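Residues 4 to 354 in this note's numbering are what the sequence shown spells out, letter by letter. Glycine residues also receive a C-beta, built at the ideal position from the N, C-alpha and C atoms. In this text, all values refer to a predicted model and were calculated from it rather than measured experimentally. Everything on this sheet refers to the single structure shown next.
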Amino acid sequence: REMVSALVRRAVEAGGVPLVLWKDNQVLRDLFQVGSAAEVEKRMELMGKVERFQMEQVQAYIGMRGQNNSSEFANVAPDKMKAYQEKLFSHVHGKYRVSHTKWVVLRWPTPSMAQLAGSGTDRFEDFYFDVCLVDYKHMAEAVRPLVDLMKKTDRVRILGPGETDLSFSIKGINVVPCCGDRNIPDGECYSCPVKESVNGVIRYNARTIYQGVPFDDIRLEFKSGKIAAASSTNTEALNRILDTDAGSRYLGEFALGFNPMIEKPMCDILFDEKIAGSLHLAAGGSYDEASNGNKSAVHWDMVLIQTEKHGGGEVWFDGKLVRKNGLFVLPELEGLNPDRFAAATAAKRTC
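Given below as structure tokens:
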């Protein structure tokens, strides 16, 4: 509440007209599940229209979440969650906010987040601010060679850990560095696989929570771009989400993560997709900034960590080894490795 009040005051000081939309997950849960599926769909459609109208009146959006229970929606019926995803979230955010406003999304530290991270609350708060307040200006400089390389790349191959062996093309797809402009915390560079170019197997080693449901050990097998087989600790729910619409079994994003302060997953995708030495691929719709033409109400980021501690692995671009066991091996990219990043930013502070 204090942070929201501070943002309201700063917006007014800057000459803006602040609007606040405050949501509570326990109330949202009831909105999602009370009544028949048809009633919930009608409710989500109305809420989507109202929130879309509000979004269309603003030029900038700050989204801040501080949840007390990441599984609040776990028991909501799948068809009702689908109505929320399609009629409200995708309608407001996927189809409008992302492409038509200046925006940034962040979390606010809570005891629930600390618990998911396996940390005490006070220590987690210190970690949170360390992670969120890295030197993004330096990060933006260090990532330029990676952006240039990815723009010239056709074939990507991901090897390991375990049976993971996935290949695809990113030729002709834009490359977007993310260094504190849209997410807090940040630290990734993304593009998108050419829609029907993906073949092979990937087995993710970071837990993911989607629509309140936890998933471990997700294994996806691709044939000509489409997820032909999928399994996990919750295979039924996994396939139900992947069957949401015509685009949800295709990929909509490929990214490499490199926030030097994030070393392990904590079941919050805003943090986990930035883990140094990780990569993520999103099932579902692509972003307009790096689009392969795939459209879906789903955009589900799944994270693979390739550091030695998590089993290792390699990333290859056009037959050239780019990253091994989570560390960039090309000289021009080594500035993104945690030790080099820390040394460079420390040197700047002492100048």
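Check: Hey, quick one: how far does the beta strand (DSSP E) through V179 stretch, first residue to last?
Finding: Taken as a continuous stretch (DSSP letters only), the beta strand (DSSP E) holding V179 covers V179 to C181.
Check: Going by beta carbon distance, what residues of the same chain come within less than 8 Å of E224, once the five residues before and after it are set aside?
Finding: Exclusion of the five residues before and after E224 leaves G203, V204, I230, A231, A232 and A233 as the residues of its chain whose Cβ lies within less than 8 Å of its Cβ.
Next item on the list: Count the other C-beta atoms from every protein chain shown that fall within 10 angstroms of the C-beta of A258, then say buried if there are 16 or more, exposed otherwise.
Entry: buried
Next item on the list: Measure the alpha-carbon distance for A349 versus E266 and round it to whole angstroms.
Entry: 19 Å
Notebook entry, point to check: So, are the CB atoms of S307 and T167 less than 8 Å apart?
Noted result: It should be noted that the sequence gives Leu, not Ser, for residue 307. Result yes, Cβ atoms of L307 and T167 sit closer than 8 Å.
Item checked: Reduced DSSP category for I272 - H, G, I as helix; E, B as strand; rest coil -> It is helical.
Next item on the list: Evaluate contact between the stretch 292–306 and the stretch 87–98, counting only Cβ atoms and requiring at least three cross-stretch pairs below 8 Å.
Entry: yes
Checklist line | The beta strand (DSSP E) enclosing N202, as first and last residue numbers | finding: Unbroken beta strand (DSSP E) run through N202: N202 to R206.
Next item on the list: For K154, collect the residues of the same chain with a Cβ closer than 7 Å to its Cβ; drop the 5 residues on either side in sequence, then sort them by chain order.
Entry: Only V178 meet the Cβ criterion.
Margin query: Pull the bridge partners of V325 from the DSSP assignment, please.
Written below: Paired residues: none, contrary to the question.
Item checked: Whole-angstrom distance between P180 and I244, CA atom to CA atom -> Approximately 28 Å, taken between the alpha carbons.
Margin query: Looking at R158: is its Cβ nearer than 8 Å to the Cβ of D321?
Written below: yes
Check: Excluding the five sequence neighbours on either side, which residues of its own chain have a C-beta within less than 7 Å of the C-beta of T310, listed in chain order?
Finding: G280, N328 and G329
Item checked: Closest Cα partner of P362 within the set N242, Y253, G190 and A249 -> Residue 362 is absent from the model: the chain starts at 4 and stops at 354.
Next item on the list: Output the boundary residues of the beta strand (DSSP E) element that contains T211.
Entry: T211 to Y213
Check: How many Å lie between I65 and V23 at the Cα?
Finding: 10 Å
Next item on the list: Consult DSSP for A17 and reduce its assignment to one of helix, strand or coil.
Entry: Note: A17 maps to coil in three-state DSSP.
Check: DSSP three-state call for R110: helix, strand or coil?
Finding: strand
Note to self: Within the continuous alpha helix (DSSP H) that includes V146, where are the two ends?
What the structure shows: Unbroken run through V146: none, as it is neither H nor E.
Check: Where do the N-terminal and C-terminal ends of the beta strand (DSSP E) with P217 fall, by residue?
Finding: V216 to F218
Item checked: V61 to L109 span [Cα, whole Å] -> Rounded to whole angstroms, V61 to L109 spans 19 Å at the Cα level.
Next item on the list: Buried or exposed for M264, please, with buried defined as at least 16 other CB atoms from any protein chain shown within 10 angstroms of its CB.
Entry: buried
Next item on the list: Compute the Euclidean distance between the alpha carbons of L34 and N72, then round it to the nearest angstrom.
Entry: 17 Å
Note to self: Run through the DSSP bridge pairs and tell me what K105 is partnered with.
What the structure shows: A63
Checklist line | CB-CB length for E256 against C195, believed under 8 Å | finding: Indeed, because the Cβ distance is near 6 Å, the residues count as touching under 8 Å.
Notebook entry, point to check: Between T124 and the rest of its own chain, which residues show a CB-CB distance below 6 Å, the 5 nearest in sequence each way excluded?
Noted result: P114 and A117
Next item on the list: Would you kindly report the start and end of the unbroken beta strand (DSSP E) that includes K83?
Entry: From DSSP, K83 is part of no beta strand (DSSP E) but of the alpha helix (DSSP H) over P81 to A86.
Margin query: Give me, in chain order, the residues of the same chain whose beta-carbon lies closer than 6 Å to that of V216; leave out the 5 immediate sequence neighbours on both sides.
Written below: The answer, listed in chain order, is A77 and A240.
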